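Number of protein chains: 2
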Amino acid sequence: METSVLMSAAELNQLKKAAPMEGVLPVFHERWSPRSFANREVSTELLKKVFEAARWAASSFNEQPWRFLVGQRPDETYKKIFEALNEFNRKWAWRAPVLILGTTKTRFSRDGRDNRVALFDLGAASSYLTLEAAALGLATHQMEGLDTEKVRVSLGIPPDYIMGSTIALGYLGEPAALEDEKLIQREIAPRTRKALGEIALGAWDQPAEI
Amino acid sequence: METSVLMSAAELNQLKKAAPMEGVLPVFHERWSPRSFANREVSTELLKKVFEAARWAASSFNEQPWRFLVGQRPDETYKKIFEALNEFNRKWAWRAPVLILGTTKTRFSRDGRDNRVALFDLGAASSYLTLEAAALGLATHQMEGLDTEKVRVSLGIPPDYIMGSTIALGYLGEPAALEDEKLIQREIAPRTRKALGEIALGAWDQPAEI
Chain A
924 METSVLMSAA ELNQLKKAAP MEGVLPVFHE RWSPRSFANR EVSTELLKKV FEAARWAASS
984 FNEQPWRFLV GQRPDETYKK IFEALNEFNR KWAWRAPVLI LGTTKTRFSR DGRDNRVALF
1044 DLGAASSYLT LEAAALGLAT HQMEGLDTEK VRVSLGIPPD YIMGSTIALG YLGEPAALED
1104 EKLIQREIAP RTRKALGEIA LGAWDQPAEI
Chain B
924 METSVLMSAA ELNQLKKAAP MEGVLPVFHE RWSPRSFANR EVSTELLKKV FEAARWAASS
984 FNEQPWRFLV GQRPDETYKK IFEALNEFNR KWAWRAPVLI LGTTKTRFSR DGRDNRVALF
1044 DLGAASSYLT LEAAALGLAT HQMEGLDTEK VRVSLGIPPD YIMGSTIALG YLGEPAALED
1104 EKLIQREIAP RTRKALGEIA LGAWDQPAEI
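Residue numbers (the numbering used here), protein chains in the order written: chain A, 924 to 1133; chain B, 924 to 1133.
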């Protein structure tokens, strides 16, 4: 094992932290998506706080289309969510004590009209949830790789709901616990993002004048 | 004009604030979506910060599929976004000095595969943006009501990108400036959300044990 992976959670969080910017909330630069989770349960008191944050996301017509299925190891919901994850995610996600499946209603309750931003609004609520988790010292990792039809059947999710991400939640663990060398290297690699001028545009293919 | 609408931005922000909870980041309870914006420009320095926050959202395979078209009044991009808004939104959104159109790429750059969470990830980045705006003392209001095909043509958005919300951004204005009594009443009404047990489920139609 290389020396580089023998680091504490605090050291790893420091390594993963993006450069701070004055006036920007630190939580945006501090949150990252580990795959190694400590063998430690998360209290219901903390879980309440992350869902309290999710409640307050904005949504079209205040529909709040999001419904989160919360699996707490070793309950049945946890097992059903875990079993629907793809092979790669199952390799590491079993370490997280909480698995949360985000779902969202595709029609407005007020008039039955298609809600073209249902998935967008779920993404918002999931962000509030994961940012609040980071603020509480918890780690989260959202996954796309899931057999959505399998979990729809096993958890009885109605046809007018679609799935967003599955969120692994817990306390950060040691990188070395991942065992797989490739996963360990990804765990300790610095976070990267596109430049501001690639995502804020004044016209298509032209950076914004900011 | 009723006395109730003669309130300062600070008083209105206090009225709109959800009940705080220990350990929950205040910004989740403080952010809300006004329709009255003050006649005051937003500096590029602050705009940089809101997009800096958006950069750091999580995304599937770190694709960062989001691209934001930033219209700053009175530029052409602002006009084109504004003209694609529906009639209701055009009634009030002209007061916001910045209009931001969120778009997202529906295929992964790495392999061309469909990205089922492209809109979800845009929702995340848009949340980071709007939360950071709130932290900076700015107001935002996201809109679904937009002629997406009209704006696709006028702004030259490629076919593999879809639209999320349009974000009106600026400084909070006086409720009375909205003039329309119905809009004013909505502006000063308390924010409402579903109960925790309706959005955090242990099984479908059953609250989570948290």
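Virtual Cβ for every residue (Gly too), placed ideally from N, Cα, C. In this text the structure is predicted, and so the values were computed from the model without any measurement.
Inset, instruction - Take A1126(A) as the anchor and find which of E1110(B), G994(B), G1087(B), L1106(B) has the nearest alpha-carbon. - result: Minimum Cα distance to A1126(A) is reached at G994(B).
Legend entry - T926(A) in three-state terms, based on DSSP: The pLDDT assigned to T926(A) is 44, lower than 50, so where the model puts this residue is not dependable, and the model offers no usable value.
Legend entry - Which residues DSSP lists as bridging G1025(A), in chain order: BP columns for G1025(A) point to F991(A).
Legend entry - Inter-stretch contact (C-beta, 8 Å, three-pair minimum) for the stretch 1072–1079 of chain A and the stretch 1054–1063 of chain A: With the cut-off at 8 Å, the stretch 1072–1079 of chain A and the stretch 1054–1063 of chain A do not touch.
Legend entry - Buried or exposed (CB count within 10 angstroms, at least 16 for buried), T967(B): Per the 10 Å Cβ criterion, exposed.
Legend entry - Straight-line gap, E925(B) to K1105(B) (C-alpha atoms, nearest Å): Any answer about E925(B) is weak, because its pLDDT of 49 lies below 50 and its placement is not dependable; what the coordinates show is given next. Approximately 13 Å, taken between the alpha carbons.
Inset, instruction - Return the CA-CA distance between I1107(B) and R1030(B), expressed in angstroms with no decimal places. - result: Distance from the CA atom of I1107(B) to the CA atom of R1030(B), rounded to whole angstroms, is 42 Å.
Legend entry - Where R893(A) falls: helix, strand or coil (DSSP): The structure shown has nothing for residue 893(A), since chain A only spans 924 to 1133.
Inset, instruction - Identify the continuous beta strand (DSSP E) that holds T1089(A) and give its terminal residues. - result: First-last of the beta strand (DSSP E) with T1089(A): 1084–1093.
Legend entry - Beta carbon of A1041(B) nearer than 8 Å to that of T1027(B): Contact: yes.
Inset, instruction - In the DSSP assignment, find the alpha helix (DSSP H) that holds G1120(B) and state where it starts and stops. - result: From DSSP, the alpha helix (DSSP H) with G1120(B) extends over 1119–1122.
Inset, instruction - Tell me whether V947(A) is buried or exposed, calling it buried when 16 or more other Cβ atoms sit within 10 Å of its Cβ. - result: By the C-beta density criterion, V947(A) is buried, having at least 16 other C-beta atoms within 10 angstroms.
Inset, instruction - With 8 Å as the threshold, decide whether the Cβ of F974(B) is near any Cβ in chain A. - result: Closer than 8 Å: yes.
Legend entry - Amino acids of chain B, ordered along the chain, whose beta-carbon sits closer than 9 Å to that of R990(A): In chain order: E1121, I1122, A1123, L1124, W1127.
Legend entry - Where L970(A) meets chain B, residues with beta-carbon distance less than 8 Å: Below the 8 Å Cβ cutoff, chain B contributes A1123, A1131, I1133 as neighbours of L970(A), in chain order.
Inset, instruction - With DSSP collapsed to three states, give me the class of T1115(B). - result: Looking at T1115(B) - three-state DSSP - the assignment turns out to be coil, as it is neither helix nor strand.
Inset, instruction - In the DSSP assignment, find the alpha helix (DSSP H) that holds A977(B) and state where it starts and stops. - result: Where A977(B) is concerned, the enclosing alpha helix (DSSP H) stretches over 967–978.
Legend entry - Which listed residue (A1016(A), E999(A), W979(A)) has its alpha carbon closest to that of L1095(A): In terms of Cα proximity to L1095(A), the closest of A1016(A), E999(A), W979(A) is A1016(A).
Inset, instruction - Tell me, please, which residues DSSP counts as bridged to P1130(B). - result: L1124(B), per the DSSP bridge assignment.
Inset, instruction - Mark D1044(A) as exposed unless 16 or more other C-beta atoms lie within 10 angstroms of its C-beta, in which case mark it buried. - result: Label assigned to D1044(A): buried.
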